Ligand SMILES: *[C@@H]1O[C@H](CO)[C@@H](O)[C@H](O)[C@H]1NC(C)=O
């Protein structure tokens, strides 16, 4: 993958990040919550690691490499929309990792990332697809 291509992908990701956040502003106040979000890489064995970056209120949580079978998790500290983006090979995906109205009553929000999309669960066993990968 050329670094030029990677740059374009990152610029595109930044652009969609801004658009996505503007479209999804939620007025939920500033209450504290104590929840955790777990993102597990359930992509096919031996495939390359995916890169994930999440943000809330414009704060970036940093880019993380998550290999097959690995998990990335963090604590949600504010009732805010947490938006994540992933890059896997030439595919990109984005999803709302924590949405106050949807998730505030759950202590843990699980995401399973597979080849056919991004699946949400609150019990780590029943999964609903909420997003899909997009090719360039
Ligand atoms: C979710 O389930 C998987 C598979 O059973 C297990 O490996 C993992 O530890 C569980 N995660 C949590 C946070 O309980």
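In my numbering, the protein residues as written are 400 to 535.
All C-beta atoms, glycine included, are put in the ideal place defined by N, C-alpha and C.
A quick note: this is a predicted structure, and the numbers were derived from the prediction, not measured.
Would you decide whether residue i is buried or exposed? Buried here means 16 or more other CB atoms lie within 10 Å of its CB.
{"i": "residue 522", "result": "exposed"}
{"i": "residue 527", "result": "exposed"}
{"i": "residue 440", "result": "buried"}
{"i": "residue 424", "result": "Note that residue 424 scores 38 on pLDDT, short of 50, meaning its location in the model is unreliable; the coordinates nonetheless yield the value given after this. It is exposed - the Cβ of residue 424 has fewer than 16 other Cβ atoms within 10 Å."}
{"i": "residue 499", "result": "buried"}
{"i": "residue 462", "result": "exposed"}
{"i": "residue 469", "result": "exposed"}
From which residue to which residue does the alpha helix (DSSP H) around residue i run?
{"i": "residue 500", "result": "499 to 502"}
If distances are taken between C-alpha atoms only, which option among the options comes closest to residue i?
{"i": "residue 518", "options": "496, 503, 447, 534", "result": "496"}
{"i": "residue 457", "options": "441, 444, 479", "result": "479"}
{"i": "residue 533", "options": "470, 491, 486, 525", "result": "491"}
{"i": "residue 447", "options": "471, 434, 486, 433", "result": "486"}
Can you give me the C-alpha to C-alpha distance between residue i and residue j, rounded to a whole angstrom?
{"i": "residue 520", "j": "residue 484", "result": "18 Å"}
{"i": "residue 481", "j": "residue 449", "result": "18 Å"}
{"i": "residue 436", "j": "residue 516", "result": "17 Å"}
{"i": "residue 476", "j": "residue 506", "result": "12 Å"}
{"i": "residue 407", "j": "residue 464", "result": "19 Å"}
{"i": "residue 460", "j": "residue 454", "result": "6 Å"}
{"i": "residue 420", "j": "residue 494", "result": "Legend: pLDDT at residue 420 = 49, less than 50; position of this residue unreliable, value from coordinates given subsequently. If you take the alpha carbons of residue 420 and residue 494, they lie about 11 Å apart."}
{"i": "residue 525", "j": "residue 466", "result": "22 Å"}
{"i": "residue 529", "j": "residue 403", "result": "30 Å"}
From which residue to which residue does the beta strand (DSSP E) around residue i run?
{"i": "residue 516", "result": "516 to 520"}
{"i": "residue 477", "result": "470 to 477"}
{"i": "residue 452", "result": "449 to 455"}
{"i": "residue 463", "result": "458 to 465"}
{"i": "residue 530", "result": "527 to 530"}
{"i": "residue 513", "result": "507 to 513"}
Run the proximity test for residue i: is its beta-carbon closer than 6 Å to any non-hydrogen atom belonging to ligand 3?
{"i": "residue 523", "result": "This structure does not include ligand 3; its bound ligands are ligand 1."}
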